[in-house]
Amino acid sequence: KFRRKCQALWSGMEELINSGVLIAASEIRDEVDEKSDLYSWLQKRKQIFIEPTEKIQEALIDIVYRFPKFDRPASEGTNADPYVIAIAIAESCKVVTQETLRGKSVKIPHVCKHYDIECINIYDFVKEQEWVFDEINTGE
């Protein structure tokens, strides 16, 4: 369903995945509902996932040490957020998230700010890619 909403966005993301520009923490797989369209889409694009290297693990240890509450999952399972930031540190890349700096709880933007990692939302990401969408299918 979600891929039909804005085909151009997903096509652009696929190009970035295939070129190795768009990467994700392998732990994200644990957070995606196996019954969802997103899960099926990701299963066909396994090259997006980065396994923790020694450099990523070192960054992860520092993140968990400095932000112990950040590593706690909302429910059972793994919290991929520290891994996402550890990859950004190790690979010198930016983080794309819809989380904001609002509130007192430690979120991705708070930790990114501490490590001087650029953290942008999906709208800014689309602008950076200079993607233009002529039509969005709302499914109606």
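Just so we're aligned, residue 90 is where the sequence shown starts under my numbering, counting upward by one. Backbone N, C-alpha and C fix where the C-beta goes; we use that ideal spot for every residue, glycine too.
* Asked: Contact check, Leu111 vs Leu105 under 8 angstroms by CB: the rounded distance?
  -> Contact flag correct, Cβ pair sits at about 4 angstroms.
* Spatial neighbours of Lys202 within its chain, please: CB distance less than 8 angstroms, with the 5 preceding and 5 following residues excluded, ordered by chain position. => Shown here for Lys202: same chain residues with a beta carbon closer than 8 angstroms to its own, the five before and five after excluded, namely Leu190, Cys208 in chain order.
* Cβ-based burial, Glu116 [other Cβ within 10 Å; buried from 16] -> Its Cβ being crowded by 16 or more others within 10 Å, Glu116 is buried.
* Determine the extent of the alpha helix (DSSP H) in which Pro198 is found, giving its start and end residues. => Judged by DSSP secondary structure, Pro198 falls within the alpha helix (DSSP H) whose first and last residues are 197–203.
* To do: Compare the beta carbon distance of Phe214 and Val185 with 8 angstroms and say whether it is the shorter of the two.
  => Between Phe214 and Val185, the C-beta gap is smaller than 8 angstroms, which places the two residues in contact.
* Tell me Cys182's beta-bridge partners as DSSP assigns them. => DSSP lists no partner for Cys182.
* **Rounded Cβ spacing between Pro141 and Leu149 (contact assumed at less than 8 angstroms)** => 7 angstroms between Cβ atoms; contact.
* With C-beta atoms as the reference, is Ile152 less than 8 angstroms away from Ala177? -> Taking 8 angstroms as the Cβ cut-off, Ile152 and Ala177 do not qualify as a contacting pair.
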